[in-house]
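Student: Before we start, here is the structure in question, set down as structure tokens.
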Amino acid sequence: MTGARSVKSNQDSIHKDLEELVRKYARTSFLRPVADHTREAFAKAEEFIESFYESKDQSSECKDRRTPVQVILDSGCGTGESTIHIAKRFPDIPVIGIDKSLARLDKAENAGRNLELPSNAFWVRGELLDFWKLAHEKMQEGLWTVPYHAIFFPNPWPKQSEATRRFHMHPIFPTMLPMAKVTELRTNWEIYAQEFAKAATILGSEKNIELCAEYKEYRPEEPETAFERKYMEARQQLWQVIVTCGQPSNSSKT
Numbered sequence: 033m034t035g036a037r038s039v040k041s042n043q044d045s046i047h048k049d050l051e052e053l054v055r056k057y058a059r060t061s062f063l064r065p066v067a068d069h070t071r072e073a074f075a076k077a078e079e080f081i082e083s084f085y086e087s088k089d090q091s092s093e094c095k096d097r098r099t100p101v102q103v104i105l106d107s108g109c110g111t112g113e114s115t116i117h118i119a120k121r122f123p124d125i126p127v128i129g130i131d132k133s134l135a136r137l138d139k140a141e142n143a144g145r146n147l148e149l150p151s152n153a154f155w156v157r158g159e160l161l162d163f164w165k166l167a168h169e170k171m172q173e174g175l176w177t178v179p180y181h182a183i184f185f186p187n188p189w190p191k192q193s194e195a196t197r198r199f200h201m202h203p204i205f206p207t208m209l210p211m212a213k214v215t216e217l218r219t220n221w222e223i224y225a226q227e228f229a230k231a232a233t234i235l236g237s238e239k240n241i242e243l244c245a246e247y248k249e250y251r252p253e254e255p256e257t258a259f260e261r262k263y264m265e266a267r268q269q270l271w272q273v274i275v276t277c278g279q280p281s282n283s284s285k286t
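Each residue of the sequence shown is one higher than the last, beginning at 33 in our numbering.
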């Protein structure tokens, strides 16, 4: 797989409309109805999360406190390799891998049968934007916290005309990004990483949220996804953005 193509784009720097769009969407709400199949997938994820924590702690005292449970999201998990790696890093927290491709998730299930699948790993098929909306609702209800959110190698939509399909230039961004304490993005397109980091800083300013974004070269010792393996074998430079979300200021209305 050494012939992986690098990203080709008619854009050679951060998109000129980035700041305008991020600020615009920060002042609005993403109102698209949630697809039924994603709502069903989310319900399955909830069942898994509840079962996972029940198996860890059967005490009625814990249930009575109704403290938020921790949930980690692996968005666009593909064939599930990343979900397994993340689950091993965080063995005490359920890790939900989400992908819209049934074929890729079938590969994940088959791999899981042949590997020692961590008990905290679970895959569901759904639309990311809809799943994020439902997860955000759980957080607003005080039922979930998301300590870590992985977004590894998303489709960058490299043409300038496609820019509004990128997560950070989409109406979902103000819902998705503050959802997690730490969000990690990986990509093989430097402009995508630059834009994501800048968009996070702009969103934090607009929403009065402490959002700290760090963008840098990424040199993993071992690949954690099929994309990562493909790009590494093709000797492409990889990029990483880490966004840390703090608390809203007193003036925040979010």
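For glycine and all other residues, C-beta sits at the position ideal for the given N, C-alpha and C. Bear in mind the structure is a predicted one, so any value in this text is a computation, not a measurement.
1. Would you grab the beta carbon distance between V273 and A212 for me? Rounded to a whole angstrom, and I think it's under 8 Å.
2. Which ranges does the beta strand (DSSP E) cover as unbroken runs of at least 3 residues, wholly within the stretch 80-137, from first to last along the chain?
3. Starting from the N-terminal side, write out each stretch of the alpha helix (DSSP H) that is 4 residues or longer and does not extend beyond the stretch 218-242.
4. Is the beta carbon of A182 less than 7 Å from the beta carbon of I116?
5. With a cut-off of 8 Å, do at least 3 Cβ pairs link the stretch 127-134 to the stretch 48-67?
6. Entirely within the stretch 143-204 and at least 4 residues each: give me those alpha helix (DSSP H) ranges in chain order.
7. Taking DSSP's pairing of strands, which residues face T70 in a bridge?
8. Spatial neighbours of S41 within its chain, please: C-beta separation below 6 Å, excluding the five flanking residues on both sides.
9. According to DSSP, is A36 part of a helix, a strand, or is it coil?
10. With a threshold of 8 Å, are at least 3 pairs of Cβ atoms found where one atom belongs to the stretch 188-208 and the other to the stretch 54-65?
11. Using the Cα positions of P150 and Q268, report the straight-line distance between them to the nearest angstrom.
Tutor: On the basis of the supplied data:
1. To locate residue 273, count along the sequence shown from 1; it is residue 241. To locate residue 212, count along the sequence shown from 1; it is residue 180. The Cβ separation is near 13 Å, so there is no contact.
2. 104-107 and 127-131
3. 222-239
4. If you number the sequence shown from 1, residue 182 lands on position 150. If you number the sequence shown from 1, residue 116 lands on position 84. For A182 and I116, no; Cβs fall outside 7 Å.
5. no
6. 160-172
7. Working through the sequence shown from its first residue, we reach residue 70 at position 38. Partner(s): none; T70 has no beta bridge.
8. Numbered from its first residue, the sequence shown carries residue 41 at position 9. Cβ neighbours of S41 beyond the five flanking positions: P190.
9. Walking along the sequence shown from the start, residue 36 turns up at place 4. Residue state, collapsed to three classes: coil.
10. yes
11. Counting from 1 along the sequence shown, the entry for residue 150 is found at position 118. Counting from 1 along the sequence shown, the entry for residue 268 is found at position 236. Straight-line Cα distance between these residues: approximately 31 Å.
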